[in-house]
Amino acid sequence: MTISSKLFATQMLDQFKVIEDRLQNLQIQISTGSRIPQASEQPLDAVKLSARKEIETRIEQYQDNIAKATDRLTLVDSTLETAGNLATRLSELFIAMNSDTITSSERLAAVIEVDQMNETILGLANATDSSGDALFGGFSTEQNPFFQQHDGSVIYRGDGGEHSLSASENIKLPTSINGANVFMQVEDGEDIKSIFEILSSFSAALATKDSFSQTHSTTDVSTGLNLKVHANREPQNWSFKLTGPEGIKTISASVNSDSASELATAITNSGVGVTATEDANGILTLVATSGGATGEIALSDISVEGYLIAQKEPRNYIDVLASDKTTVEAKLSDTIQGLGAQSGGLSSLVSSIGLSRTTAGARLNNAENQEEVLVQRSISIKSEIGKLRDADIETLITELQSILVTRDAARQTYSTVNNQTLFDFLR
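Numbered per numbering that gives the first Met the number 0, the sequence shown spans residues 0 to 426.
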């Protein structure tokens with residue numbers, strides 16, 4: 000095959016272009032520090048690198064989620080700690096106030112303190128995070144989840160969900176505790192009450208300690224007791240323990256504001272030696288059945304249907320009237336109206352808040368554990384990305400210098416050969 004000067008020049012120029020392209024690629028790799036400046040250079044590694052970067056982005060998002068969850072759970076824990084301290088103070092106040100030596104003015108001061116704590120806990124229940132989202136509203140985070148109505152009662156306007164964020168491909172991390180579980184569902188014996196109901200009941204029991212009692216008795220069984228029952232218009236079940244000359248029995252009957260006849264019948268048929276009659280004004284008179292009977296007639300453990308917490312102004316109660324059937328000697332209320340009956344609810348309150356805080360702490364620990372896992376995943380994926388992406392600068396510089404030397408030598412040789420003609424070789 001004959002090689003002309005033109006073909007030789009074309010081939011040399013093509014080789015110089017290849018060398019220049021490689022030099023340019025090396026310079027880009029050195030300046031950027033990346034061994035894959037363009038996906039077309041190493042397509043398989045470029046695909047792997049893209050996949051690893053996508054995983055890295057997801058991990059960073061998970062870390063952001065955990066940071067937000069940790070912030071919210073820390074606020075929840077702090078909020079519940081404050082609520083727990085208030086609950087402990089309420090228990091201490093109950094012990095101090097549940098004494099016959101306490102004066103009315105001291106109880107009034109306690110009422111003011113309890114009402115203020117109720118307002119404080121309402122504020123805690125409506126606490127928000129740094130973004131203004133409610134901590135205890137469930138999925139509903141844009142409004143205050145707890146609302147105080149005109150009658151002083153508090154309702155929950157959130158939902159039953161729990162706000163959560165993804166902590167990995169398969170794990171969702173709760174960022175709070177549902178407010179209904181924390182503030183509205185305290186187990187007080189067989190009843191479920193809200194924290195606000197328990198505080199309201201304690202305040203009402205303090206306020207009515209001097210005006211209402213839960214037991215009453217007389218030893219004048221022949222004259223007995225005159226009672227006026229204040230019931231609802233709708234039939235309502237009432238019960239109490241009746242002590243008579245011949246024994247003790249729990250009386251239960253349906254009563255309404257128009258008639259207590261069923262109650263009178265139940266008392267008369269109780270077998271404790273007490274006869275009850277109702278006059279035209281609805282006043283019950285309880286006397287010993289036998290004329291020569293001795294002992295006492297007493298009422299205690301009163302329970303009224305629907306009466307779950309103490310009230311500032313009780314609507315259902317019994318007036319104990321003097322012999323003139325007009326003068327009120329005492330007012331008997333449901334047992335829950337008594338100050339001593341508040342002990343169970345306050346104890347349950349302390350336990351319930353403590354349990355909620357334990358839950359928050361466990362979730363906070365879980366968030367921290369997930370963060371540690373993500374840190375290790377992040378280190379691993381960054382290492383893989385580095386191996387795929389980062390260039391070996393020392394090797395690249397060595398190759399660059401070698402190619403530069405080769406290029407310069409080739410240029411010099413080409414220049415020398417290209418400037419000679421056939422006559423130069425025939426001399």
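A virtual CB, placed ideally from N, CA and C, is assigned to each residue, including glycine.
Assign residue i to one of three DSSP states: helix, strand, or coil.
| i | result |
| --- | --- |
| D76 | helix |
| Q235 | strand |
| G83 | helix |
| T9 | helix |
| A275 | strand |
| I378 | helix |
| M0 | In this prediction, M0 has a pLDDT of 49, which is less than 50 and means its spatial position is unreliable; what the coordinates show is noted afterwards. In the structure shown, M0 sits in coil (DSSP, three-state: anything other than H, G, I, E or B). |
| G136 | coil |
| D63 | helix |
| S98 | coil |
| N89 | The amino acid at residue 89 is misidentified as Asn; the sequence shows Leu. In the structure shown, L89 sits in a helix (DSSP, three-state: H, G or I). |
| L348 | helix |
| G353 | helix |
| S210 | coil |
| K52 | helix |
| L241 | strand |
What's the call for residue i, buried or exposed, on a 16-neighbour Cβ count within 10 Å?
| i | result |
| --- | --- |
| E427 | The structure shown does not extend to residue 427, since the chain spans only 0 to 426, so no value can be given for it. |
| G290 | exposed |
| F146 | exposed |
| L371 | Checking the displayed sequence, the identity of residue 371 turns out to be Glu instead of Leu. Exposed, since its Cβ has fewer than 16 Cβ neighbours within 10 Å. |
| R432 | Past the boundaries of the shown model lies residue 432; the chain is included only from 0 to 426, so the question cannot be answered. |
| I296 | buried |
| I154 | exposed |
| S332 | buried |
| A321 | exposed |
| L265 | Residue 265 is actually Ala in this sequence, not Leu. Classification for A265: buried. |
| D219 | exposed |
| S66 | Looking at the sequence shown, residue 66 is not Ser but Ala. Exposed, by the Cβ-count rule. |
| A82 | buried |
| T9 | exposed |
| T249 | exposed |
| I317 | buried |
| S251 | exposed |
Counting only beta-carbon atoms, is residue i nearer than 7 Å to chain D?
| i | result |
| --- | --- |
| V181 | The structure shown contains no chain D; it holds only a single protein chain. |
List the endpoints of the continuous beta strand (DSSP E) containing residue i.
| i | result |
| --- | --- |
| N117 | Careful: N117 lies outside any beta strand (DSSP E), inside the alpha helix (DSSP H) at 103 to 124. |
| L331 | 327 to 331 |
| A297 | 296 to 303 |
| I191 | 190 to 192 |
| L283 | 282 to 287 |
| T249 | 246 to 254 |
| Y316 | 316 to 320 |
| N225 | 224 to 229 |
| T293 | Careful: T293 lies outside any beta strand (DSSP E) and carries neither H nor E. |
| R216 | The sequence as given places Ser at residue 216; Arg does not occur at that position. Counting along the chain, the beta strand (DSSP E) containing S216 begins and ends at 215 to 217. |
For residue i, report the span of its alpha helix (DSSP H) as first-last.
| i | result |
| --- | --- |
| T264 | 260 to 267 |
The region 225 to 242 / the region 255 to 262 touching (three or more Cβ pairs under 8 Å): yes
message: Would the region 93 to 108 count as touching the region 173 to 191 if we require 3 or more Cβ pairs under 8 Å?
response: no
- request: At 3 residues or longer, and completely inside the region 146 to 188: list those beta strand (DSSP E) runs for me, N to C.
  value: 153 to 155, 163 to 165, 171 to 173, 185 to 187
The region 155 to 164 / the region 127 to 138 touching (three or more Cβ pairs under 8 Å): yes
message: Measuring CB atoms only, is the region 271 to 286 touching the region 205 to 214, in the sense that at least three cross pairs come out at less than 8 Å?
response: no
- prompt: Can you find at least 3 beta carbon pairs, one from the region 321 to 336 and one from the region 47 to 65, that sit closer than 8 Å?
  reply: no
The region 347 to 361 contacting the region 242 to 249, beta-carbon criterion three pairs below 8 Å: no
At least three beta-carbon pairs within less than 8 Å, the region 334 to 341 to the region 61 to 77: no
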